[in-house]
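See below for the structure under consideration.
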Amino acid sequence: MEEITQLSYALDTFYFLISGALVMWMAAGFAMLEAGMVRAKNTAEILTKNIALFAIASIMYMLVGYGIMYPADGNGFIPAIDWGFMFGGDNSVEEVMGSDGETYYSKMADFFFQVVFVATAMSIVSGAVAERMKLWAFLLFAVVMTGFIYPMQGYWKWGGGFLDELGFLDFAGSGLVHLAGASAALAGVLLLGARKGKYGKDGSINAIPGANMPIATLGTFILWLGWFGFNGGSQLVISNIEDANAVAAVFVNTNMSAAGGTIFGLITARLLFGKADLTMALNGALAGLVAITAEPLTPSPLLATMIGAIGGVIVVFAIVTMDKLRVDDPVGAISVHGVVGMWGLMAVPITNSEASFAAQGIGLGTILGWVFVTSFIVWLILKLVMGIRVSEEEEYEGVDIGECGLEAYPEFVGARGAS
């Protein structure tokens, strides 16, 4: 029995670590997607944001975020912060053997899996504010978002807080990760304003194409791959038949939802615009992935495909609507992760009898309200203290030179004019 317990603990820990590594690889997916969707003159800066935010998320979550999200105690609303993780330590053999099988995996593995989720939420923000935000203002916001704003709403559900007690369900984070990231992004975009030339005084909407569609497509495929760890790892355990079957079902449903989102995003774009818009196909895939993240276990593969398909349709209309509202989001992050994140949360009761639309709605409103309001306050303070937008000249020349002092494509930028 002792050997079985040790083997189970080792297997679940390994599964957790590999799932976390897959989610970490999503950071590369976001970096490539965003680098492809911005103009050439802003590529190096967006890449700098993506690698720096991952490092900031890792450090801040170690220092304070993990202790807020998974505290030693709390009243359901305010956690009693546990400061101990940063000093190390893990489950001893005696603790594992004496837990009657309830200690499934290493504490360190749990932290690693959780920290890459934090970075994912912050990655959503970087694309929405691309091409006109100051690098250091963004990174300072990342400190607050990953250390305090995200962990607090994470505690309310995954840390055993009041949303968990209420019956709110969010398997892997359609709300807690994706809607949270989009809410922070929306607050920043509203204070930041649109890129120069995006919207005309006559009400016209001018397309600003990205510089590298192959890279954007590669980024989407990387995200699709990483999502198997994102959703599959959220089962938390794999060392018995029931959980192993559940992880397999989550993998299949995640893939099918992405496929449904891709096809229906493409079809919707064809019907609306008369063309097969690649960017809408890419966003459709991501929309399918976001939609199924709140509940990837209980749907059948067919229902999972349909949930993703609806997400693919929603995201096209959401992107068009955001433009009509003059909310400039270069990569469609607010639509993909925010609007479709809401759909994912509200779709849970369709297949999970333990969920209720009331609890899902309360959870949705809580996440949106908390993250948007706190983020808006932080963005506003940054705007008043140091400014959050680059100068008009820097924006015209590209933030690569102004913020990073180098160009991602030095052989091409000089010849492409104002692109």
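As numbered in the numbering used here, residues 61 to 479 make up the sequence shown, in order.
Ideal placement from N, C-alpha and C gives every residue a C-beta, glycine not left out.
Computed from a prediction, not measured in an experiment: that's the story for all the values here.
Between the Cα of residue i and the Cα atoms of the options, which residue gives the shortest distance?
i	options	result
TYR210	VAL124, SER413, MET97, PRO390	VAL124
VAL376	HIS397, GLY260, ASP133, ALA364	HIS397
VAL433	GLY219, SER243, SER264, ILE352	SER243
ILE128	LEU239, ASP388, TRP216, ALA179	TRP216
ALA245	TYR469, ALA468, VAL431	VAL431
SER68	PHE145, ILE138, ASN300, ASN151	ASN300
ILE422	ALA87, ASP224, ASN291	ASP224
LEU346	ASP142, GLU457, ASN305, ILE367	ILE367
VAL312	ASN291, PHE198, ARG330	ASN291
ASP262	ILE461, ASN102, LYS384	LYS384
ILE265	ALA418, MET97, VAL387	VAL387
GLY325	ASP337, ALA169, THR314, ASN315	ASP337
ILE394	ALA369, THR277, SER183, PRO361	SER183
ALA329	ALA104, ILE374, ASP133	ILE374
GLY320	ALA309, LEU331, LEU342	LEU342
THR381	THR180, PHE472, LEU332, TRP85	LEU332
GLY80	ALA132, MET168, ARG99, ALA95	MET168
THR277	ALA91, ASP389, ILE441	ALA91
PRO409	ALA354, ASN102, LEU251	ALA354
GLY429	GLU155, GLY344, GLY241, TRP403	GLY241
MET86	PHE177, GLY149, PHE201, MET157	PHE177
THR411	LEU424, PHE173, ASP460, ILE352	ILE352
VAL185	ALA309, PRO390, GLN174	PRO390
Would residue i be called buried (16 or more neighbouring beta carbons within 10 Å of its own) or exposed?
i	result
ILE437	exposed
ALA70	exposed
LEU107	buried
PRO274	exposed
ASN135	exposed
GLY233	buried
ASP72	buried
LEU444	exposed
ALA267	exposed
ALA115	exposed
ILE282	buried
THR339	buried
PHE228	buried
SER435	buried
ASN93	With the sequence shown as reference, residue 93 is identified as Leu, and Asn is not the correct amino acid for it. Burial call: buried.
ASN305	exposed
PHE171	buried
VAL153	exposed
ILE111	exposed
PHE231	buried
GLU62	exposed
ALA247	buried
TRP53	Any answer about residue 53 is impossible in this case: the structure gives the chain only from 61 up to 479.
ALA66	Note that residue 66 corresponds to Gln in the displayed sequence, not to Ala. GLN66 should be labelled exposed.
GLY89	buried
MET212	buried
LEU466	exposed
MET146	exposed
ILE427	buried
ALA104	buried
ALA271	buried
GLU463	buried
ALA475	Any answer about ALA475 is weak, because its pLDDT of 47 lies below 50 and its placement is not dependable; what the coordinates show is given next. So ALA475 ends up on the exposed side.
PRO4	Residue 4 lies beyond the stretch modelled for the chain, which goes from 61 to 479, so this question has no answer here.
ILE448	buried
SER479	In this prediction, SER479 has a pLDDT of 48, which is less than 50 and means its spatial position is unreliable; nothing more can be read from the coordinates.
TRP439	buried
GLY477	Annotation note: pLDDT 46 at GLY477 (below 50); position unreliable, coordinate value reported separately. With fewer than 16 Cβ atoms within 10 Å of its Cβ, GLY477 is classed as exposed.
By DSSP's criteria, residue i is part of a beta bridge. Which residues make up the other side?
i	result
GLY134	PRO139
TYR259	ILE265
ARG449	MET193
On the DSSP letters alone, give me the boundaries of the alpha helix (DSSP H) that residue i sits inside.
i	result
LYS167	167-188
PHE324	301-333
MET340	338-353
PRO356	Careful: PRO356 lies outside any alpha helix (DSSP H) and carries neither H nor E.
ILE427	417-445
ALA246	In the sequence under discussion, the amino acid at residue 246 is Leu, which differs from the Ala named in the question. Residues 240-252.
GLY127	126-129
THR381	361-384
ILE209	ILE209 -> no alpha helix (DSSP H), and no H or E assigned at all.
ASP224	222-226
TYR75	62-97
LYS109	103-120
LEU278	273-292
MET146	Counting along the chain, MET146 falls outside any alpha helix (DSSP H), and DSSP gives it neither H nor E.
Hey, is residue i close to the ligand PLP, as in C-beta under 7 Å from one of its heavy atoms?
i	result
ALA81	In terms of ligand content, the structure shown is empty, and the ligand PLP therefore cannot be addressed.
Contact the region 286-302 vs the region 112-122: 3+ CB pairs below 8 Å: no
Inter-stretch contact at 8 Å, needing at least 3 Cβ pairs: the region 277-286 / the region 243-258: no
Inter-stretch contact (C-beta, 8 Å, three-pair minimum) for the region 219-234 and the region 452-470: no
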